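**Student:** Provided herewith is a single structure, encoded as structure tokens, for subsequent inquiry.
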Amino acid sequence: MEKKQDNAKKKVGLTTKIFIALLAGAVAGIVIHYVVPAGFVRDTVLVNGIFYVLGNGFIRLMQMLVVPLVLCSLICGSMAIGDTKTLGKVGVKTMVFYLCTTALAVCLALAVASVINPGIGMSMKDIDASSVTQAAPVSLVDTLLNIIPKNIFHSLANGDMLPIIVFALIVGVLLAKMGNRASVVANFFSQCNDLMMEMTMVVMKLAPIGVFCLIAKTFAGIGLDAFLPMLKYMFSVILALAIQCFVVYQLLLFFFTRLNPFRFIKKFFPVMAFAFSTSTSNATIPMSIDTLHKKVGVSKQISSFTIPLGATINMDGTSIMQGVAVIFIAQAYGISLSPAAIATVVATATIASIGTAGVPSVGLVTLTMVLNSVGLPTEGIALIMGIDRILDMLRTAVNITGDAVCTTIVSKQQNAFDQKVFDAD
Ligand code: ASP
């Protein structure tokens with residue numbers, strides 16, 4: 005009898021719990037928005053009190069893990085791979101995959117938006133241009149130079165992923181080369197890595213509570229009326245995101261690895277739900293590495309490199325939003341885009357994706373870069389700002405799925421993949 009109860013308990017896995025938390029959070033948020041009257045209890049105690057503290061507390065716990073985890077696991081990963089040739093191969097493959105899928109995502113977004121015409125018939129009144137944040141232009145040369153850390157402690161303290169990646173790769177390769185001479189340091193990092201993975205597991209147990217609170221807070225705050233005039237725009241973004249996530253990625257996954265895409269999505273779902281509720285690719289890194297390792301069968305040697313890199317430079321979901329937004333704003337202002345302008349959008353949105361940090365709402369800021377490149381008014385961003393929160397959630401889930409699909413493909417090609425783990429339920 006007790007055993008039976010035990011089994012029943014075990015069956016509710018983390019995936020199911022997170023899924024229930026997502027739905028329950030959305031329902032609770034909508035009910036609170038429409039049923040509970042505005043005032044101290046709703047706004048101060050519930051939304052900005054309990055939901056805010058528990059939801060953001062959970063995000064902070066995840067963020068706390070990112071820098072030490074990326075540093076230790078990347079050092080261990082590159083140490084295990086050892087030779088620079090293999091690392092270079094993995095690096096080149098990953099970069100090519102990331103850039104191509106981003107360019108493809110922008111093209112897809114432009115095509116979907118050109119069919120749906122989300123901006124035709126938009127009223128241009130009520131635009132509050134003052135609220136639009138402009139992206140500070142950083143030259144390409146500086147962007148490249150900034151990859152090399154001047155002071156690694158500064159980069160670690162600021163959570164600058166690219167310099168951390170460069171430093172960790174060099175340390176790992178050299179530790180492998182030094183062998184016994186540096187065994188104490190190598191062991192230190194490998195034990196720190198175990199510790200960080202252990203910590204990730206503990207924090208992940210809290211995911212259902214965190215997800216529930218974050219979603220409930222969002223839905224309690226936004227109400228459905230703001231969406232109505234923007235339905236066509238939202239539909240275009242969501243459709244393009246869905247095609248990218250469930251068709252393009254899954255075809256690529258199947259084509260390159262012959263793995264079952266449905267099984268992949270099922271296993272990766274908790275990470276997507278986490279990214280959806282937090283809107284931050286960066287905070288998703290620990291959960292992504294852990295899930296890909298334990299459930300999908302991807303070696304950490306590969307994922308510890310490709311996942312943080314992807315969370316920093318590969319934002320397919322963001323570039324989809326930017327592609328649709330360009331067409332939407334152009335149509336709303338009655339400006340037609342030449343084929344050359346379209347090509348410019350593909351190029352700049354791909355570059356903007358590299359420059360977009362994996363934190364909430366940054367995609368809107370880098371959108372100014374894309375609009376400027378083809379002379380569209382950046383004031384147009386004010387139109388889409390109000391409803392961007394919900395799209396940010398969706399695009400972040402797509403952003404991290406792109407990283408995971410690429411990681412799985414590269415890991416399979418490098419023979420760093422455990423098929424038994426993928427096949428297990
Ligand atoms: N929130 C997104 C991410 O973290 C970035 C963005 O599009 O604003 O991936």
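Quick note on the working numbering: the sequence shown kicks off at 5 and runs consecutively.
Built from N, CA and C at the ideal position, the CB exists for glycine as well.
Keep in mind it's a predicted model, so treat the numbers as computed, not measured.
Quick one: grab the DSSP three-state call for V110.
**Tutor:** Start at 1 with the first residue of the sequence shown, and residue 110 comes out as number 106. V110 falls in the helix class under three-state DSSP.
**Student:** Can you give the Cα-Cα distance for F426 and F223, rounded to whole angstroms?
**Tutor:** Stepping through the sequence shown from its first residue, residue 426 is reached at position 422. Stepping through the sequence shown from its first residue, residue 223 is reached at position 219. Rounded to whole angstroms, F426 to F223 spans 35 Å at the Cα level.
**Student:** Give me the residue from D294, T370, V300, F231 with the minimum Cα distance to L263.
**Tutor:** On the sequence shown, residue 263 is found 259 positions in, with the first residue counted as 1. Taking only the C-alpha atoms, the option nearest L263 is V300.
**Student:** If you drop the 5 nearest sequence neighbours on each side, which residues of the same chain put their C-beta closer than 7 Å to that of G59?
**Tutor:** Your numbering for residue 59 matches position 55 in the sequence shown. Result list for G59: G214, C217, L218, K221, in chain order.
**Student:** Can you give me the C-alpha to C-alpha distance between K21 and M291, rounded to a whole angstrom?
**Tutor:** On the sequence shown, residue 21 is found 17 positions in, with the first residue counted as 1. On the sequence shown, residue 291 is found 287 positions in, with the first residue counted as 1. So the alpha carbons of these two residues sit roughly 15 Å apart.
**Student:** Would you call the segment 105 to 119 and the segment 204 to 213 touching, i.e. three or more CB-CB distances under 8 Å?
**Tutor:** With a cut-off of 8 Å, the segment 204 to 213 and the segment 105 to 119 do not count as touching, because too few Cβ pairs lie within range.
**Student:** Report all residues from its chain with a CB closer than 6 Å to the CB of D392; omit the five preceding and five following residues, and keep chain order.
**Tutor:** As a working note, residue 392 is residue 388 in the sequence shown. The residues are L368.
**Student:** If we call anything under 8 Å between Cβ atoms a contact, is L395 one with M325?
**Tutor:** The residue you call residue 395 lines up with position 391 of the sequence shown. The residue you call residue 325 lines up with position 321 of the sequence shown. A contact, by the Cβ cut-off of 8 Å.
**Student:** May I have all residues whose beta carbon comes closer than 6 Å to any heavy atom of the ligand ASP, sorted in chain order?
**Tutor:** Answer in sequence order: S283, T284, S285, M319, T322, T360, G362, V363, P364, S365, V366, G367, D396, R399, T400, N403.
**Student:** Within 10 Å of its beta-carbon, does N197 have 16 or more other beta-carbons around it, so buried, or fewer, so exposed?
**Tutor:** Mapped onto the sequence shown, residue 197 falls at position 193. Looking at its Cβ environment, which holds 16 or more other Cβ atoms inside 10 Å, N197 is buried.
**Student:** For the alpha helix (DSSP H) containing P364, list its first residue and its last residue.
**Tutor:** Along the sequence shown, one-based indexing puts residue 364 at 360. P364 -> no alpha helix (DSSP H), and no H or E assigned at all.
**Student:** In this structure, does DSSP put V100 in helix, strand or coil?
**Tutor:** Looking up residue 100 in the sequence shown gives position 96. Of the three classes helix, strand and coil, the one that applies to V100 here is helix, per DSSP.
**Student:** What is the DSSP secondary structure of V31, reduced to helix, strand or coil?
**Tutor:** Position 27 of the sequence shown, counted from the start, is the residue given in the question as residue 31. It is helical.
**Student:** Since I281 and P364 should fall inside the 8 Å C-beta cutoff, what is the C-beta to C-beta distance between them, to a whole number of angstroms?
**Tutor:** To locate residue 281, count along the sequence shown from 1; it is residue 277. To locate residue 364, count along the sequence shown from 1; it is residue 360. Note on residue identity: the sequence assigns Ser, not Ile, to residue 281. No, S281 and P364 are not in contact; Cβ-Cβ is about 11 Å, not under 8 Å.
**Student:** Rounding to the nearest angstrom, what Cα-Cα distance links T411 and V275 in this structure?
**Tutor:** Locating residue 411 in the sequence shown gives position 407, where the first residue counts as 1. Locating residue 275 in the sequence shown gives position 271, where the first residue counts as 1. When rounded, the distance between both Cα atoms is 14 Å.
**Student:** Taking one C-beta from the segment 181 to 189 and one from the segment 46 to 65 each time, how about it: are there three or more such pairs within less than 8 Å?
**Tutor:** At 8 Å Cβ cutoff, the stretches do not touch.
**Student:** For a minimum of 4 consecutive residues, which ranges assigned as the alpha helix (DSSP H) are wholly contained in the segment 380 to 411?
**Tutor:** Listed in chain order, they are 385 to 389.
**Student:** Let me know if A277 comes out buried or exposed under the rule of 16 or more other beta-carbons within 10 Å of its beta-carbon.
**Tutor:** For the purposes of this step, residue 277 is identified with residue 273 of the sequence shown, where counting begins at 1. Result: buried.
**Student:** Whether or not the segment 314 to 331 and the segment 349 to 360 are in contact is what I'm after, with contact meaning three or more pairs of Cβ atoms, one per stretch, closer than 8 Å; do they touch?
**Tutor:** Output reads yes: the segment 314 to 331 touches the segment 349 to 360.
**Student:** Report the CB separation of I151 from V170 in whole angstroms; it is logged as a contact under 8 Å.
**Tutor:** Walking along the sequence shown from the start, residue 151 turns up at place 147. Walking along the sequence shown from the start, residue 170 turns up at place 166. Their Cβ separation, rounded to whole angstroms, is 6 Å, which keeps I151 and V170 in contact under 8 Å.
**Student:** I need the DSSP call for V302, collapsed to helix, strand or coil.
**Tutor:** One-based indexing of the sequence shown puts residue 302 at position 298. Strand at V302.
**Student:** Considering only C-alpha positions, which residue in the set T382, K270, P233 is nearest to F250?
**Tutor:** Position 246 of the sequence shown, counting from 1, holds the residue named residue 250. Nearest C-alpha to F250: K270.
**Student:** So, do the segment 401 to 415 and the segment 336 to 353 have three or more beta carbon pairs nearer to each other than 8 Å?
**Tutor:** Touching, no.
**Student:** Where does the unbroken alpha helix (DSSP H) through Q423 begin, and where does it stop?
**Tutor:** If you number the sequence shown from 1, residue 423 lands on position 419. First-last of the alpha helix (DSSP H) with Q423: 423 to 427.
**Student:** Note down the Cα distance separating I242 from F268, rounded to an integer number of angstroms.
**Tutor:** Walking along the sequence shown from the start, residue 242 turns up at place 238. Walking along the sequence shown from the start, residue 268 turns up at place 264. Near 21 Å, if we compare the C-alpha coordinates of F268 and I242.
**Student:** Examine the Cβ distances between the segment 297 to 311 and the segment 77 to 95 and report whether three or more of them are shorter than 8 Å.
**Tutor:** A contact exists between the segment 297 to 311 and the segment 77 to 95.
**Student:** Pick helix, strand or coil for V369, following the three-state DSSP scheme.
**Tutor:** As a first step, residue 369 is located in the sequence shown; it is residue number 365 there, counting from the start. Of the three classes helix, strand and coil, the one that applies to V369 here is helix, per DSSP.
**Student:** At the level of alpha carbons, what is the spacing between V330 and L375?
**Tutor:** In the sequence shown, counting from the first residue as 1, residue 330 sits at position 326. In the sequence shown, counting from the first residue as 1, residue 375 sits at position 371. When rounded, the distance between both Cα atoms is 7 Å.
**Student:** With burial defined as no fewer than 16 other Cβ atoms inside 10 Å of the residue's Cβ, what is the status of D294: buried or exposed?
**Tutor:** Walking along the sequence shown from the start, residue 294 turns up at place 290. Answer is buried; the Cβ neighbour count reaches 16.
**Student:** Pop quiz: V70 and I289 are said to be a contact at Cβ under 8 Å. What is the actual Cβ separation, rounded to whole angstroms?
**Tutor:** Here the question's residue 70 lines up with position 66 in the sequence shown. Here the question's residue 289 lines up with position 285 in the sequence shown. Contact flag correct, Cβ pair sits at about 5 Å.
**Student:** What is the DSSP secondary structure of G338, reduced to helix, strand or coil?
**Tutor:** Your numbering for residue 338 matches position 334 in the sequence shown. It is coil, neither helix nor strand.
**Student:** What are the start and end residues of each continuous alpha helix (DSSP H) run of 4 or more residues lying completely inside the segment 270 to 317, in chain order?
**Tutor:** Segments of the alpha helix (DSSP H) lying fully in the segment 270 to 317: 285 to 295, 304 to 317.
**Student:** Between which residues of its own chain and N191 is the CB-CB distance below 7 Å, once the five residues before and five after are set aside?
**Tutor:** Taking the sequence shown and counting its residues from 1, the one referred to as residue 191 is at position 187. Closer than 7 Å at Cβ, skipping near neighbours: no residue.
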